[in-house]
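So the sequence shown is residues 623 to 763, counted in our numbering. For every residue, glycine included, the Cβ atom is placed at its ideal position computed from N, Cα and C.
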Amino acid sequence: MPPATDIPRFGGIGFDVVVLDAPHPAELARFYAGMLGWPVVETEAEDEWAETRPAVGANGIAFQREPDYRAPTWPDATVPQQSHLDFGVDDLEQAEAHAIALGARKTGLPDPASPAGVRDSFRVYRDPVGHPFCLVRRRAS
């Protein structure tokens, strides 16, 4: 596979945002903005869409209104997880405290009985509307 810099971008296509469904986009945008220390850069008056990005023109996370939103029940498959976000962190304990203070909920995963290398490398949470996300300890360079 050629290096990423050698791959042509047809029509100027580039990655912009990951979009998550939410019953109230502005509320979820504020949660992730608080997690990442980014501003909420766009909201619509009718609360149909909201975005958070670290800077103008940078990649970010957007949220679109879905009035019939149903939170994933993962790991149970009743309402399957369709995607999730991973956030790299330097200090898992500090990042967890920050996420919980903003409204994240622990899932109990990975299982505390997992081997130390597994249970100390990441943790799984749910955002305020139930999307799963992980805090993943960054590997030392």
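Quick check: what's the CA-CA separation for Asp749 versus Leu642? Position 127 of the sequence shown holds residue 749. Position 20 of the sequence shown holds residue 642. One C-alpha to the other measures close to 11 angstroms.
Tell whether a beta-carbon distance below 9 angstroms holds between Pro647 and Phe709. Locating residue 647 in the sequence shown gives position 25, counting from the first residue. Locating residue 709 in the sequence shown gives position 87, counting from the first residue. Not closer than 9 angstroms, so no.
Indicate the three-state DSSP secondary structure (helix, strand or coil) for Gln686 in the structure shown. Sequence index remark: in the sequence shown, residue 686 carries index 64 (1-based). Here Gln686 sits in strand by DSSP.
DSSP three-state label for Arg745, please. In the sequence shown, residue 745 corresponds to position 123, counting from 1. Here Arg745 sits in strand by DSSP.
Would you mind reading off the limits of the beta strand (DSSP E) that contains Pro754? Within the sequence shown, numbered from 1, the residue matching residue 754 stands at position 132. Per DSSP, Pro754 belongs to the beta strand (DSSP E) from Pro754 to Arg759.
Contact under 9 angstroms by Cβ, Arg675 with Ile683: By 1-based counting over the sequence shown, the position of residue 675 is 53. By 1-based counting over the sequence shown, the position of residue 683 is 61. The answer is yes: Cβ separation under 9 angstroms.
Is the separation between the beta-carbon of Ala719 and that of Val711 shorter than 9 angstroms? Here residue 719 is taken as the residue at index 97 of the sequence shown, counted from 1. Here residue 711 is taken as the residue at index 89 of the sequence shown, counted from 1. The answer is no: Cβ separation not under 9 angstroms.
Looking only at DSSP bridge pairs, what is Leu642 linked to? Along the sequence shown, one-based indexing puts residue 642 at 20. Phe685, per the DSSP bridge assignment.
Beta-ladder partner(s) of Arg675, from DSSP: Looking up residue 675 in the sequence shown gives position 53. Per DSSP, none; premise fails for Arg675.
By DSSP, does Glu649 sit in helix, in strand, or in coil? Position 27 of the sequence shown holds residue 649. Helix at Glu649.
Bridge-paired residues (DSSP) for Val662: As a first step, residue 662 is located in the sequence shown; it is residue number 40 there, counting from the start. DSSP output for Val662 lists Thr674 as bridge partner(s).
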